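In UniProt numbering, the protein residues as written are 1 to 130. Here's the structure we're looking at; comments come further down.
What follows is the structure in C-alpha cells.
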C-alpha cells in the first residue's frame, strides 16, 4: 500500500496532483460527500448502495442488487484504493468499513465556475483565532 500523505505535505504539488485526481471522478466525489455527512464507519455495502442511488437518481430502496454490486466492485477494486492511497479514507478491508481520515478535516476545498469551467482550490484550513 502506498504511504499515506501526512498533514505537513498538503501544500506540495504532489499532494495537489493526487487530490485533484481523487476529485476528478464522480464516484469518489460522491463517496467523500456521503462520508462527510456520516462520521461513523460505513460499510462498503452501504456506501455502494448510497452511491448507486445517487448514480441512478433513485431512492436507496429502489436500487437493484445488480447496480449495487457494480458500484461495490468499482469501489473495492478502483475507488477505495485510490481514496485510501491519497490518505483521505481509512478502509478496513477485513471489516469492510470505511471512514474519513483527519486529513480531509484539515483542508478547505472550494469551487467556483470561471467561464463555465470549474475551478477548485485546496488549501490548509486555517485555525480559528481565539
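Beta carbons: idealized from backbone N, C-alpha and C, even for Gly. Please read these numbers as outputs of a predicted model, since none were measured by experiment.
Rounded to whole angstroms, what is the Cα-Cα separation between residue i and residue j?
i, j, result
"residue 76", "residue 16", "24 Å"
"residue 52", "residue 86", "23 Å"
"residue 45", "residue 14", "31 Å"
"residue 28", "residue 69", "16 Å"
"residue 20", "residue 83", "11 Å"
"residue 72", "residue 103", "24 Å"
"residue 148", "residue 50", "Outside the shown range of the chain, which is 1 to 130, sits residue 148, and nothing can be said about it."
Using 8 Å as the threshold, is the C-beta distance between residue i and residue j below it?
i, j, result
"residue 42", "residue 97", "yes"
"residue 92", "residue 101", "no"
"residue 131", "residue 88", "Because the chain is modelled from 1 through 130, residue 131 falls outside the range shown and cannot be assessed."
"residue 54", "residue 30", "yes"
"residue 34", "residue 23", "no"
Sorted by chain position, which residues of the same chain lie with C-beta nearer than 6 Å to residue i's C-beta, five sequence neighbours on each side aside?
i, result
"residue 130", "In this prediction, residue 130 scores a pLDDT of 49, lower than 50, which makes its location untrustworthy; the coordinate-derived value is nonetheless stated afterwards. None."
Leaving aside the five residues before and after residue i along the sequence, list all residues of the same chain whose C-beta is less than 7 Å from its C-beta, in chain order.
i, result
"residue 94", "none"
Meets three-Cβ-pair contact criterion under 8 Å: the region 63-73 and the region 10-26: The answer is no - the region 10-26 does not touch the region 63-73, with fewer than three Cβ pairs under 8 Å.
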